[in-house]
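From first to last, the protein sequence lines are chains W and Y. Just so we're aligned, residue 1115 is where the first sequence starts under this note's numbering, counting upward by one. Just so we're aligned, residue 46 is where the second sequence starts under this note's numbering, counting upward by one. All residues carry an ideal CB built from backbone N, CA and C; glycine is no exception. Structure first, then comments.
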Amino acid sequence: MANNDKAKGAVVASQVDSSIELGTAVVGPEEFTNPGLPPHRQRITDVDPKRMKRAERIVFTLFYASILGSVFAVFAYMYFPIEDGDTTSVRLNTLFIGLGIAFALLAIGIAAVHWGKAVMADHEGVDHRHPTRGSDETRARAVEIFQEANEESGFSRRTLIRNGLIGALVAFPLPAIALFRGLAPMNEDPNNLMKHTMWKKGSRLAHDPTGVPIKVSDLTIGSAFQVIPEDLVDLPEHEKLDAKAKAAVLLVRLKPEDLKWSSAERESWSYQGIVAYSKICTHVGCPVALYEQQTHHLLCPCHQSQFDISNESAVIFGPAARPLPQLPIYVDDEGYLRAQSDFTEPVGPSFWERTK
Amino acid sequence: MFIRKNKMNSSRTGRRKPIVSAALLAIGLSLTGGIYAAFTATTASAEVDLKSPQVIEEGSKLFAANCATCHGQQAQGTKNGPSLIGVGAAAVDFQVGTGRMPMEANSAQAPVKPVEFKDEQVKALAAYVASLAPGPSIPSQSQLTGGNVAAGGELFRINCAMCHNVAGAGGALTEGKYAPELKNVSAVHIYEAMLTGPQNMPVFNDLNLTPSDKKDIIAYLEYNKSHPSPGGIELSSLGPVSEGLFIWIIGLGAIVGFTIWITAKSN
């Protein structure tokens, strides 16, 4: 029996060989002989009628179970309604409807696959692949059709029409470009927008989110304040977030002797150990505010860049390319902290025109 | 037989099998969790008069025996430990009351561990340190309750969430340090931590976060504790880390399993 099968397989294989073009396949000199098709292996459901019955049972049971799942989803919709203001009811509603629908679909899928694999007839068949090249007549006819179409439409003869069509197709996407340009800032130079924040000479440093101005006496050693410009709270809501995304500042107080400065001018940007740094990471602009009071390290949670606040916020680890920009501050007569100016360099990540 | 021998050899080389490491890790984690829960249960505050000379005297003895090695005989600080002059009762109650002090080893992070002192002893130590110089005192019960949850949530997201995670699940800092999770911390310890800035946490004095702001933040954390996540299983509230791990291993694993089953020949 098995031998017979093998012989059959060999016959099939040799037929396959003669009728299939090898195409571009590389055939090495030590080419394997075609082993032919493996002998047919009977499934347990083919041999054992009891197992076949069982497989059949599994398949129809799954189909009926799927019906139950669908009905369950409908009942879940009725019995777990979404109550106003109760978030837990949303969870139960979506959970049980989802479970019902998922079970219904999954049961159909599993039943169909099991049906195909275990119950449907199982035999190997050979479908020969057709050559992809059309016959010479078909190809000649196709060329003829093109020529006829060209002739009848006058595509190459009536050049005005043809050029008009090409021109129209080229012009068609232009409105899209104009519309996309409209998404960018229109009346302001984006380059300029990225280089400046709303800090200006005399802006008071204020608490985020209340906008209450901060006095120098509010800061004890080791304090960390999340700071916005005082006038930020007066902006309309949509402008507020844009402005805050650039102007957010971290204000900390260290012992003055812990701070290292590269120049006296730079030192004058601080006040008795109080320093203000941009909170926008110079890598890709995440808010950097994980301040460690004893090590004076500032950690960016996105990509682990670390800045040393005690050393002009130099980068000591991670992908950030530049120190965080420092906001120069001074104290006015009433003891409020104010900005000497805007940041002296653009805050946040690099952009093409940053240094121009 | 041979396989047996090889196995024994490999265990003798001292390398643990992965399952053993995983089991050890699980045991360690559940132990720390259990201990943590146990200590938070024991920090019910007893009424101790922090101004009484006997209490201060008892605290002074405890200090000399347990703290002076690092912090100095007069709490003036040594090169192994900072000065405690002016840190106040709140700092002592937090550090000793959560088991962070006395430290096991001089390391960057002072981890939470079982509290070594009875509650009266913690208060006595606090009374002694508070008697050295004025400093923040232990908040009263009325300072801890009745805050505004919504306002507290906003303040928490602005001032705390970057280190402690928006759900208070904690997070990593630099060089092995971490911000602890806040779910099992008592209200009084949260208040004291904000007030004193323990270890690497910045100080949030009463001019930065007013007493009412602090009350709001505590209300937000309490609300988080008592309200289950409406989104279902929280997966430790770690966000994309645990959620990603779940979907990549369980979700994708299931899809791969189904694919293998669909293409496998029937038996």
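Margin query: If the criterion is Cβ atoms closer than 8 Å, does the pair W/I1388 and W/V1330 meet it?
Written below: For this step, residue 1388 of chain W is matched to residue 274 along the first sequence. For this step, residue 1330 of chain W is matched to residue 216 along the first sequence. It is a contact, given that the beta carbons lie within the stated cut-off.
Check: Exposed or buried, W/Y1193, counting other C-beta atoms within 10 Å across all chains shown (16 or more means buried)?
Finding: On the first sequence, position 79 is the one that residue 1193 of chain W refers to. Answer is exposed; the Cβ neighbour count stays below 16.
Check: Going along chain W, which residues have a C-beta under 8 Å from Y/G277?
Finding: What you label residue 277 of chain Y is simply residue 232 of the second sequence in a count that begins at 1. Contact of Y/G277 with chain W by beta-carbon distance below 8 Å involves R1205 and L1209.
Notebook entry, point to check: When the cut-off is 8 Å and only beta carbons count, does W/T1334 lie next to chain Y?
Noted result: For the purposes of this step, residue 1334 of chain W is taken as the residue at position 220 of the first sequence. W/T1334 counts as touching chain Y.
Next item on the list: Return helix, strand or coil for W/H1310, following the three-state DSSP convention.
Entry: Within the first sequence, numbered from 1, the residue matching residue 1310 of chain W stands at position 196. In this structure, W/H1310 counts as coil in the three-state DSSP scheme.
Notebook entry, point to check: Does W/P1433 come within less than 8 Å of chain Y when only Cβ atoms are used?
Noted result: Here residue 1433 of chain W corresponds to residue number 319 of the first sequence, with the count starting at 1. No - not a single Cβ of chain Y is within 8 Å of the one on W/P1433.
Notebook entry, point to check: Nearest CA to the CA of W/G1399: which residue from W/L1413, W/A1235 and W/A1390?
Noted result: The residue labelled residue 1399 of chain W in the question sits at position 285 within the first sequence. The shortest Cα separation from W/G1399 among W/L1413, W/A1235 and W/A1390 belongs to W/L1413.
Check: If the cut is a Cβ gap below 7 Å, which residues of chain W does Y/N245 touch?
Finding: Here residue 245 of chain Y refers to the residue found at position 200 of the second sequence. Neighbours of Y/N245 on chain W, chain order: E1406, Q1407, Q1408 and T1409.
Next item on the list: Could you check the C-alpha separation between Y/I101 and Y/A172 for me, to the nearest Å?
Entry: The sequence position of residue 101 of chain Y within the second sequence is 56, counting from 1. The sequence position of residue 172 of chain Y within the second sequence is 127, counting from 1. Rounded to the nearest angstrom, the two C-alpha atoms are 5 Å apart.
Next item on the list: Taking Y/M207 as the query, report the chain W residues whose CB atoms sit under 8 Å from its CB, ordered along the chain.
Entry: Numbered from 1 along the second sequence, position 162 holds the residue referred to as residue 207 of chain Y. Under the 8 Å cutoff, chain W gives P1401, A1403, L1404 and P1415.
Next item on the list: Rounded to whole angstroms, what's the CA-CA distance from W/M1300 to Y/L254? Just pull it up for me.
Entry: Residue 1300 of chain W sits at position 186 when you count from the first residue of the first sequence. Residue 254 of chain Y sits at position 209 when you count from the first residue of the second sequence. Each residue's alpha carbon lies about 40 Å from the other.
Check: Which residues of chain W have a Cβ atom closer than 7 Å to the Cβ of Y/G242, listed in chain order?
Finding: For the purposes of this step, residue 242 of chain Y is identified with residue 197 of the second sequence, where counting begins at 1. Neighbours of Y/G242 on chain W, chain order: G1336 and Q1407.
Check: So the alpha helix (DSSP H) Y/Q99 belongs to, where does it begin and stop?
Finding: Numbered from 1 along the second sequence, position 54 holds the residue referred to as residue 99 of chain Y. Note, Y/Q99: alpha helix (DSSP H), P98 to N111.
Check: Under 8 Å, do Y/T241 and Y/G133 count as touching if we go by C-beta distance?
Finding: Counting from one through the second sequence, the residue named residue 241 of chain Y turns up at place 196. Counting from one through the second sequence, the residue named residue 133 of chain Y turns up at place 88. Yes.
Checklist line | Any alpha helix (DSSP H) of 4 or more consecutive residues that is wholly inside the stretch 1193-1249 of chain W | finding: 1201-1228
Notebook entry, point to check: Counting contacts by CB-CB distance shorter than 8 Å, is Y/T123 in contact with chain W?
Noted result: Residue numbering aside, residue 123 of chain Y sits at position 78 when the second sequence is read from its first letter. Judged by the 8 Å Cβ criterion, Y/T123 is not in contact with chain W.
Check: Which one of W/P1153, W/R1168 and W/W1375 has the shortest CA to CA distance from W/T1159?
Finding: In the first sequence, the residue the question calls residue 1159 of chain W occupies position 45. For W/T1159, the nearest C-alpha among the options comes from W/R1168.
Checklist line | Counterpart residues of W/S1392 in DSSP-defined beta bridges | finding: Translated into the one-based positions of the first sequence, residue 1392 of chain W becomes position 278. Answer is W/V1363.
Item checked: Burial state of W/D1332, where buried means 16 or more other Cβ atoms lie within 10 Å -> Position 218 of the first sequence, counted from the start, is the residue given in the question as residue 1332 of chain W. Per the 10 Å Cβ criterion, buried.
Margin query: On the criterion of 16 or more Cβ atoms from any shown chain inside 10 Å, does Y/I262 qualify as buried, or is it exposed?
Written below: The count along the second sequence starts at 1 and reaches residue 262 of chain Y at position 217. Answer is buried; the Cβ neighbour count reaches 16.
Next item on the list: Return the Cβ separation of Y/N245 and W/T1334 in integer angstroms, given the expectation that the two are a contact with Cβ distance under 8 Å.
Entry: Start at 1 with the first residue of the second sequence, and residue 245 of chain Y comes out as number 200. Start at 1 with the first residue of the first sequence, and residue 1334 of chain W comes out as number 220. Between W/T1334 and Y/N245 the Cβ distance is about 16 Å, and since that is not below 8 Å, they are no contact.
Next item on the list: Could you tell me the distance, in whole angstroms, from the CA atom of Y/T88 to the CA atom of Y/N210?
Entry: Here residue 88 of chain Y refers to the residue found at position 43 when the second sequence is read from its first residue. Here residue 210 of chain Y refers to the residue found at position 165 when the second sequence is read from its first residue. In this prediction, Y/T88 scores a pLDDT of 46, lower than 50, which makes its location untrustworthy; the coordinate-derived value is nonetheless stated afterwards. The alpha-carbon atoms of Y/T88 and Y/N210 are separated by roughly 25 Å.
Next item on the list: Answer yes or no: do W/G1316 and W/Q1407 have a C-beta to C-beta separation smaller than 8 Å?
Entry: By 1-based counting over the first sequence, the position of residue 1316 of chain W is 202. By 1-based counting over the first sequence, the position of residue 1407 of chain W is 293. Result no, Cβ atoms of W/G1316 and W/Q1407 do not sit closer than 8 Å.
Check: Alpha carbon to alpha carbon, how far is W/K1231 from W/A1187?
Finding: The residue labelled residue 1231 of chain W in the question sits at position 117 within the first sequence. The residue labelled residue 1187 of chain W in the question sits at position 73 within the first sequence. When rounded, the distance between both Cα atoms is 29 Å.
Check: W/F1339 versus chain Y: which residues are under 8 Å apart at the beta carbon?
Finding: Residue mapping note: residue 1339 of chain W aligns to position 225 of the first sequence, counting from 1. Under the 8 Å cutoff, chain Y gives N253.
Check: Any idea what DSSP makes of Y/S66, helix, strand or coil?
Finding: Locating residue 66 of chain Y in the second sequence gives position 21, where the first residue counts as 1. The answer is helix: DSSP assigns Y/S66 an H, G or I state.
Notebook entry, point to check: Considering only the beta carbon of each residue, do Y/P247 and W/A1320 sit closer than 8 Å?
Noted result: Within the second sequence, numbered from 1, the residue matching residue 247 of chain Y stands at position 202. Within the first sequence, numbered from 1, the residue matching residue 1320 of chain W stands at position 206. Contact: no.
Notebook entry, point to check: So, are the CB atoms of W/F1457 and W/T1324 less than 8 Å apart?
Noted result: Translated into positions along the first sequence, residue 1457 of chain W becomes position 343. Translated into positions along the first sequence, residue 1324 of chain W becomes position 210. Going by C-beta atoms, W/F1457 is not nearer than 8 Å to W/T1324.
Notebook entry, point to check: Assuming Y/Y265 and Y/Q188 make a contact with CB atoms under 8 Å, what is their CB distance in whole Å?
Noted result: Residue mapping note: residue 265 of chain Y aligns to position 220 of the second sequence, counting from 1. Residue mapping note: residue 188 of chain Y aligns to position 143 of the second sequence, counting from 1. Not really, about 15 Å apart at Cβ, beyond 8 Å.
Notebook entry, point to check: In chain W, which residues lie with their C-beta within 8 Å of the C-beta of Y/V248?
Noted result: For the purposes of this step, residue 248 of chain Y is taken as residue 203 along the second sequence, with counting starting at 1. Going along chain W in sequence order, the residues near Y/V248 (Cβ under 8 Å) are T1334, I1335, G1336, S1337, A1338 and Q1407.
Notebook entry, point to check: Buried or exposed: where does Y/D138 fall if 16 or more other Cβ atoms within 10 Å of its Cβ makes it buried?
Noted result: Within the second sequence, numbered from 1, the residue matching residue 138 of chain Y stands at position 93. Per the 10 Å Cβ criterion, buried.
Checklist line | Interface positions of the stretch 189-208 of chain Y facing chain W (Cβ-Cβ less than 7 Å), listed along the chain | finding: E199, I203, N204, M207 and C208
Checklist line | Run of the alpha helix (DSSP H) containing W/D1422, from where it starts to where it stops | finding: Within the first sequence, numbered from 1, the residue matching residue 1422 of chain W stands at position 308. Not the alpha helix (DSSP H): W/D1422 falls in the beta strand (DSSP E), residues Q1420 to D1422.
Item checked: Extent of the continuous alpha helix (DSSP H) run through W/A1338 -> Looking up residue 1338 of chain W in the first sequence gives position 224. Note, W/A1338: premise wrong, no alpha helix (DSSP H); beta strand (DSSP E) at A1338 to P1343.
Next item on the list: Put W/G1462 into one of helix, strand or coil per three-state DSSP.
Entry: Position 348 of the first sequence, counted from the start, is the residue given in the question as residue 1462 of chain W. Coil at W/G1462, not helix or strand.
Notebook entry, point to check: What are the residues of the stretch 1229-1246 of chain W that lie near chain Y, defined by any Cβ-Cβ distance shorter than 7 Å?
Noted result: K1231 and A1232
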